[in-house]
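Worksheet: one structure, shown below.
Number of protein chains: 2
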Amino acid sequence: MQFHHEGYVSTDPRIKAAAGVGLDRPAELPDTVDVLIVGTGPAGMITAAQLSQFPSITTRIVERRGGRLAIGQADGIQARSVETFQAFGFAERIIAEAYRITEMAFWKPDPADPTRIIRTARAIDDPAGVSEFPHLIVNQARVLDYFAEVMALSPTRMTPDYGLEFRGLVNTGVGEHPVEVTLARTAGEREGDEVVVRAKYVVGADGARSGVRSAIGCTMAGDQAFHAWGVMDVLAVTDFPDIRTKCAIQSGSGGNILHIPREGGHLFRMYVDLGEVAADDNGAVRLTTVDQIIDRANEILHPYTLDVKNVAWHSVYEVAHRLTDRFDDVLPDELDTRTPRVFIAGDACHTHSAKAGQGMNVSMQDGFNLGWKLAHVLTGRSPEALLGTYSAERQPVAKALIEFDKEWSTLMATRPEDLDDPTELEDFYTSTAEFPAGFMTQYPPSLLVGSPNHQGLATGYPLGKRFRSAPVIRVADANPLELGHQHLADGRWRIYAFADAPAAGEPSALADFASWLTTSADSPLVAFSPEGHDEGGLFDIKVVYQQPHDELDIRRVPEVFLPRTGPFDLIDYEKVFAADPRADIFDLRGIDRGGVIVVVRPDQYVASVLPLTATVELARFFEPIFTVPVLAPSLG
Amino acid sequence: MQFHHEGYVSTDPRIKAAAGVGLDRPAELPDTVDVLIVGTGPAGMITAAQLSQFPSITTRIVERRGGRLAIGQADGIQARSVETFQAFGFAERIIAEAYRITEMAFWKPDPADPTRIIRTARAIDDPAGVSEFPHLIVNQARVLDYFAEVMALSPTRMTPDYGLEFRGLVNTGVGEHPVEVTLARTAGEREGDEVVVRAKYVVGADGARSGVRSAIGCTMAGDQAFHAWGVMDVLAVTDFPDIRTKCAIQSGSGGNILHIPREGGHLFRMYVDLGEVAADDNGAVRLTTVDQIIDRANEILHPYTLDVKNVAWHSVYEVAHRLTDRFDDVLPDELDTRTPRVFIAGDACHTHSAKAGQGMNVSMQDGFNLGWKLAHVLTGRSPEALLGTYSAERQPVAKALIEFDKEWSTLMATRPEDLDDPTELEDFYTSTAEFPAGFMTQYPPSLLVGSPNHQGLATGYPLGKRFRSAPVIRVADANPLELGHQHLADGRWRIYAFADAPAAGEPSALADFASWLTTSADSPLVAFSPEGHDEGGLFDIKVVYQQPHDELDIRRVPEVFLPRTGPFDLIDYEKVFAADPRADIFDLRGIDRGGVIVVVRPDQYVASVLPLTATVELARFFEPIFTVPVLAPSLG
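Chains as they are written, first to last, in my numbering: chain U, -9 to 626; chain P, -9 to 626.
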C-alpha cells in the first residue's frame, strides 16, 4: 500500500482522495452518464468498483431493491475470487469472517445396510496447491458490502442508486450518449415515476430474468426442463459428525444432499435434491415447505438426525442450464461494422445449478473482464474495438462452466449403484479441482493475448491464464512478498522484466531492454504513456533479479524500474525485486534465466511472454490496444 | 470468528450487538462511572477497548485534545503488540498498511576514509523466529483508530470523551464511587467549566507529565540529565541505498542517526543525535530548527545526500530515563491493608528514549494487564486483591525496559573507536532480539502465576511468559489454524487440555480430567462458572489431541470440549483440535505426551502447567482468583 507521497495521510490510507467526478457527486441520478450498470449483484458491483477508480468516468449502478441486500443466495467463493478480492483490497478481511473449505467428505449408503450412510472418502480441496488463497464460503451480501466499500472509498465516491428498476432501453445511435434507458422508481414519494438516463454504455447485470438481455434481443438456450432443489440455511443440533465439513451425501433411497458449512461456526446450508420438475408441475414444487425439506434431509442422513432449531433462510430453487450466444448487443452480422454499446454479465448470461459453487465467481470474472476495458475506452486510452473482446472472451468461459456443472450435477444426482465406478464422484471432484477453483479459464490468442511462440521461456505463465503469484523479496526493504499481490485492480497493465544473469549495472539484455523502454519512440511507455508510469499511468513496470536481494546494489538498477512519483518527484522503490532463495520464482514458474518479459492485463491474465530482446514484438503487441494520446497544443 | 448462533447476522459480524450500558449510552459524561480513564494514548485506549467488551461496566475515557490524534510520535510496533492486536481483531488490517521490518543495517565510518560511511553489517530481525507476527512501523494515530473502532463496535458502544482535561482527584473513601475526579472542558461553549465525576476506579494514562501520577504522589526517579534528539518524518530524494531499511548509522565525526522507514513506501523518520542537554541549556536545544536537523543528517550520511522535499512532522525530543516505584495509589505501608483505586499506565510510569522502539508497546501491555483485572473485579468474578498484582507485575517490566534502553542508547551514542569490540552494537541488537520483540516479560509466581513444579511437562510454555502460538488442525472442519490466535481479548481464561495418547472415547487421563471438570464440585467450571463456559463465561476450554484430525471421531470427544451455546443450545465445535503432523505442537512446544493442562490468563500469559491428573492443584490455583458467584435465591 503506497501513500504519504503526496503529503502526510493521517487517517485510513484506504480512503483515497476524492477527485474528478467524485468531488461534487450529485445524490440524484444525472441525465447523462458514461456507464449505467443495472443490478447490484456480484457482476454489477465488481464492474462498478473497477470503474469507480477512474476520476474522469461517471458510472452509476441502479438496483430495483430499496437498499442493501440482507441475505444472499450465493455463498461459494473460489480461490480465484479471493485473489480478485486481494486486488480490490479486502481479501484479508473477508477471509477472516468466512468459512474455509479445506476438505470435502463423501457419504454413501453402507454396503452392509444401504438404509444407513457412511463416510467413504475425504478429498483435500486444492490438492495441487493451484493458489495461495483459500476456498471460502461467505454470504454474497458481504461480498457486495466489500465492493460497496471499495466504491465509497474510491476517488469517485460511488454509491449504488437503490430503488430504480430497469424498464427498457434503446440505442438511438445519436450523440455521445446514444443509449437511452428508462427506469422506474420502486420506492419513496415518487414511486412509479419514470426516469430516463442517457448513457455511453450500459451493463445489464440484472440476473437470470434480465430485462437488459431482453432489450438487446439475446435469448437463453439450453435445458428445457428445470431441476429443483430445496435449499435451507439453518442452525441445528445433530449427531452427524461432518456437520462442519463440506459433504456430498448420497443415500440408499437415491436422495442426495450437498452440505455446505457456513461462516460463523454454526450455520450451515443444505441443498436437498427434489428431482427434475415435470412439464406439468405448474409450480407445485415451489410449494415444498421447509419442514418437508428438513424431513427429506433427515431421511437422507439416516442413521443421523438433524434437529433444526432456527431457519435463517430457505427456498425452493428451480434451475436449468442455459446460456446466451452473445454477451453484448452486436449481432453476428454486425461484428465487422460496429462495436458494442450494451453488455450483459453474470446470471443474465448464464444460469446453472449451485452445485459447483461457481455462479458468483464466474459472474465476478465477467465484470472484472469488462470493467477495465470500458475504462480504457472511456479515458481515451484504447479504441472501441477493445470492447468486442468482452463477449468473445467470456461467452466460451460460460459455456465451459455450464458443461462442467452439468456433468457434476448429473454425477451428484446419480444413484451410487448406477455409477460406472464407485469412486467416480470423488475422482471427478479431485481431477477437476482447478476448474472449481476458478483457474481453468484460458483466453485464446486475440487482440489482448499474444502468440504462444515464446511460451517456453516462462512455462509457469501460460498465455491467456491468470498470472500466478509466487514469492519474491522486495530489494529496498528486504520484505518477502507475493509478486502477484502487488497487482491491484487499478486498470494498469503489468510488464514484468525477469532479468538475465548479470548483476545490476552490468551490460545485459535487461539493461538494453530498460534503455529501450525509456528512450525508444517504439516503447509503449514513450508512445502511449508520456505522463510517466506511476499510479495514474498505463503501465506498472517491475523487475525481478536472479541474485539474492542482499547482493543487489539498488543504485545500479535502471531508472525505469525506479520511477519518480507524485508532486515531490520521489523515487518509487517498490518495483525492484529479487528471487527468494527459499522459493525461487525462476524455478517455480519455469522462467528462462536468459531473461523474459511477461505482460499481464489489468484483469491479471497473462497477455504476452517474450524474450528481453523482443522489443519489436512488444511494441507490435501494444500498438492496436492503445491509442496515441492527443497532447494539448503547445502554447509557445 | 463465531456468529449467527443467536440468529442470522446479515451485516459485518465484527459489529457486536449492543448490550447493557451500550443500549442507551449517554452522550454526556455521567456523574458516576465504574472506570474513568484519563488519556487516549496507547495505554488508555487498550484499557478502554478491553473494558468495552463488558456490557455491565460503565467505562469512560477522557482526553484533553478536542478530537482524534492526527499525527503521533510513536511508531514502533513489536511482534508482541501485533499479537495483541490479533486478540482485538485488527492485526491483519494494520499489517496491511504498516511498514514491516525484516532486516536492520549498520553503517559506520569507512576505515579507509572515516569521512565516509559504509554498510558494515545487516542483521535479520527476529532471527530466532520468536513470533509468527511481524515487526512493524506504523503511526500511533492509526493504532488508536483501531482501538477506537474496537470500542465502537463493542456491546457498550464506547467512544472517547474529547475536550476534557484532568485537574485533580481525591479518594474520598466514601460510597461505591469513592474517587472524585475534577475535569475541565478544553473546548466548546462551556470551555473552562469544571466537571466532577465519581468513579470506582481511575486509570491515569496521561503521559510523561501525568496529572494523575502527581495526584497520587508518585515521583519519577532516574537520570538527572536529558538527552536530546532531533526527529523528523520527511519525504526526500536520496542516493543513500538503505533508505527503505531500518539503519543504525554512526559517522566518523561521532554523530549518529537511527533511521526508520515508515508506512506507505516513501516517508521515513530519522532520529538525529543532538547530545546530552547541558544543565544550563535553558531550552536552547529546543530551538534547533528542522533545517539544522537536515544539515546534521547530511553531514552524518556523507558521502550520501538527503534532498528533503517535504517535512510531515519534526520535533526536538529531550528525554531522561525515569521510572515510578509504584503504578497505583497504595503506599508501601498500606499494601496489607487496602487495594488500589487509582492506577497509572504507560508514559505516566516510565520514560526513556525512543531508540529501542519500546514505548508504545510496553504501554499497551500495561493496559492489557490492567483491563481484564478491573473487569474481573467489577463483574464480581474476583476479589479486589487481584488489583494489587498490576503494579507488582508491571513495575519490574518497566524497570527492565529502562535498563535495556539505557544500554542500547549508550551503545548507539558511543563513537565506534570507543567500543570494546567493533561489532558490539550489532551483536547487542541480535543477541537481545527477544527483548525488543516484546517477549522477555516473565511474571514471577504470584496469585496469578502458579509454581514451576511441573514446568518440565511443557517446556515451550514457560510460566509467566506469553503463551506462544503453534499450528493445529481444528477437527470439525479440518482448518489449519494457529492455536494462540483463537485467544481473543474477551477477558476469559483459557484452559488447554493437551491429551494423552488414547483415542477419543477410550479410557484416558484426558477423559478423567474432562469428567472432573464437568462434575466435580471442586472444578473451577462448576464452582465459579455455573452459567456454563461460552462467550459470557469465565473459561474457554480447549482440547488438543495427538492423533491426526482425520483419525479422530468427534462424536467420542468429551462433552466439556463440545459445549452448548446461545439461545438455540447449539454445539460449539471450535474447541477440539488435533496436532498438525507437518508441525506437531507437542514437539514444537515440548509438551509431554502423557498429557498436560496449560492455563493461560486473559492477557495471554501462561498461568499454570500441570499434569492432567493434578485436579487438586488446579482447583487450588483458581480458588483465590475467583469469587464464588452469588446465586439468586430460589423462588421455589
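The C-beta atom is built at its ideal place from N, Cα and C for all residues, glycine as well.
Does the Cβ-Cβ distance between residue i and residue j come in under 9 Å?
{"i": "glycine 29 of chain U", "j": "valine 52 of chain U", "result": "yes"}
{"i": "glycine 57 of chain U", "j": "tyrosine -2 of chain U", "result": "no"}
{"i": "valine 566 of chain P", "j": "leucine 507 of chain P", "result": "no"}
{"i": "serine 598 of chain U", "j": "valine 589 of chain U", "result": "yes"}
{"i": "arginine 147 of chain U", "j": "methionine 141 of chain U", "result": "yes"}
{"i": "valine 534 of chain P", "j": "alanine 487 of chain P", "result": "yes"}
{"i": "valine 309 of chain P", "j": "histidine 342 of chain P", "result": "yes"}
{"i": "glycine 254 of chain P", "j": "arginine 234 of chain P", "result": "no"}
{"i": "leucine 528 of chain U", "j": "proline 514 of chain U", "result": "yes"}
{"i": "aspartate 356 of chain U", "j": "alanine 335 of chain U", "result": "yes"}
Which residues in the same chain as residue i place their Cβ atom closer than 8 Å to its Cβ, once the five residues preceding and following it in sequence are excluded?
{"i": "glutamate 266 of chain P", "result": "Ala215, Phe216, His217 and Ala218"}
{"i": "valine 169 of chain U", "result": "Leu26, Leu159, Val160, Asn161, Thr162, Arg188, Ala189, Lys190, Tyr191, Val192, Arg331 and Val332"}
{"i": "glutamine 130 of chain P", "result": "Gly31, Pro32, Leu59, Gly62, Gln63, Ala64, Asp65 and Met350"}
{"i": "isoleucine 463 of chain P", "result": "Asn469, Pro470, Leu471, Pro538, His539, Phe567, Ala568, Ala569 and Asp570"}
Got a sec? Which residues, its chain only, sit under 7 Å from residue i by beta carbon, not counting five neighbours each side?
{"i": "glutamine 537 of chain P", "result": "Ala493 and Ala568"}
{"i": "alanine 622 of chain U", "result": "Confidence in alanine 622 of chain U is poor, its pLDDT being 47 and thus under 50, which makes the residue's placement too unreliable to answer from."}
{"i": "aspartate 196 of chain U", "result": "Val28, Gly29, Phe156, Val202 and Ala338"}
{"i": "alanine 8 of chain U", "result": "Pro145 and Arg147"}
{"i": "proline 434 of chain U", "result": "Gly454"}
Taking residue i as the reference, which of the options has the closest Cα?
{"i": "alanine 226 of chain U", "options": "P:Leu19, P:His539, P:Gly556 and P:Asp574", "result": "P:Gly556"}
{"i": "valine 187 of chain P", "options": "P:Asp116, P:Glu155 and P:Tyr261", "result": "P:Glu155"}
{"i": "phenylalanine 230 of chain U", "options": "U:Ala375, U:Phe558, U:Asn161 and U:Pro251", "result": "U:Pro251"}
{"i": "arginine 316 of chain U", "options": "U:Val596, U:Ser204, U:Ile615 and U:Asp411", "result": "U:Ser204"}
{"i": "valine 128 of chain P", "options": "P:Ile84, P:Ser353, P:Ser519 and P:Arg583", "result": "P:Ile84"}
{"i": "serine 46 of chain U", "options": "U:His366, U:Ala517, U:Ala177 and U:Asp417", "result": "U:His366"}
{"i": "methionine 222 of chain U", "options": "U:Glu166, U:Gly182, U:Gly194 and U:Asp285", "result": "U:Asp285"}
{"i": "glycine 178 of chain U", "options": "U:Arg55, U:Gly378 and U:Asp103", "result": "U:Arg55"}
{"i": "arginine 109 of chain U", "options": "U:Leu291, U:Leu500 and U:Asp411", "result": "U:Leu291"}
Counting along the chain, where does the beta strand (DSSP E) carrying residue i start and finish?
{"i": "isoleucine 91 of chain U", "result": "89 to 91"}
{"i": "leucine 248 of chain P", "result": "246 to 251"}
{"i": "methionine 35 of chain P", "result": "No beta strand (DSSP E) contains methionine 35 of chain P, which is instead part of the alpha helix (DSSP H) from 32 to 41."}
{"i": "arginine 259 of chain U", "result": "258 to 266"}
{"i": "arginine 188 of chain P", "result": "184 to 194"}
Just to check my reading of the structure: residue i and residue j have Cβ atoms closer than 8 Å, yes? What is that Cβ distance to the nearest angstrom?
{"i": "arginine 458 of chain P", "j": "glycine 440 of chain P", "result": "Not a contact, Cβ separation roughly 18 Å."}
{"i": "glutamate 93 of chain P", "j": "alanine 69 of chain P", "result": "Incorrect: roughly 15 Å between the Cβ atoms, too far for contact."}
{"i": "aspartate 337 of chain U", "j": "alanine 198 of chain U", "result": "5 Å"}
{"i": "valine 185 of chain U", "j": "leucine 173 of chain U", "result": "5 Å"}
{"i": "alanine 111 of chain P", "j": "aspartate 232 of chain P", "result": "12 Å between Cβ atoms; not a contact."}
{"i": "phenylalanine 616 of chain U", "j": "arginine 371 of chain U", "result": "6 Å"}
{"i": "histidine 167 of chain U", "j": "phenylalanine 558 of chain U", "result": "That belief does not hold up - the Cβ atoms of histidine 167 of chain U and phenylalanine 558 of chain U are roughly 39 Å apart, past 8 Å."}
State the start and end residues of the unbroken alpha helix (DSSP H) segment that holds residue i.
{"i": "glutamate 73 of chain P", "result": "69 to 78"}
{"i": "methionine 350 of chain P", "result": "349 to 368"}
{"i": "valine 140 of chain U", "result": "130 to 142"}
{"i": "glutamine 282 of chain U", "result": "280 to 291"}
{"i": "aspartate 530 of chain U", "result": "That residue, aspartate 530 of chain U, is in no alpha helix (DSSP H); its beta strand (DSSP E) goes 529 to 535."}
{"i": "isoleucine 392 of chain P", "result": "378 to 402"}
{"i": "threonine 509 of chain U", "result": "499 to 509"}
If I measure Cβ to Cβ from residue i and keep anything under 6 Å in the same chain, skipping five residues before and after, which residues do I get?
{"i": "serine 624 of chain P", "result": "Because serine 624 of chain P carries a pLDDT of 45, less than 50, the predicted location of this residue cannot be relied on, and no value is offered for it."}
{"i": "arginine 667 of chain P", "result": "Within the shown structure, residues of chain P are numbered from -9 to 626, placing residue 667 of chain P beyond reach of any answer."}
{"i": "aspartate 2 of chain U", "result": "none"}
{"i": "arginine 484 of chain P", "result": "His477, Asp530 and Val590"}
{"i": "proline 150 of chain U", "result": "Thr30, Ile51 and Glu53"}
{"i": "isoleucine 91 of chain U", "result": "Asp115, His125 and Lys236"}
{"i": "tyrosine 89 of chain U", "result": "Ile127, Pro251, Arg252 and Glu253"}
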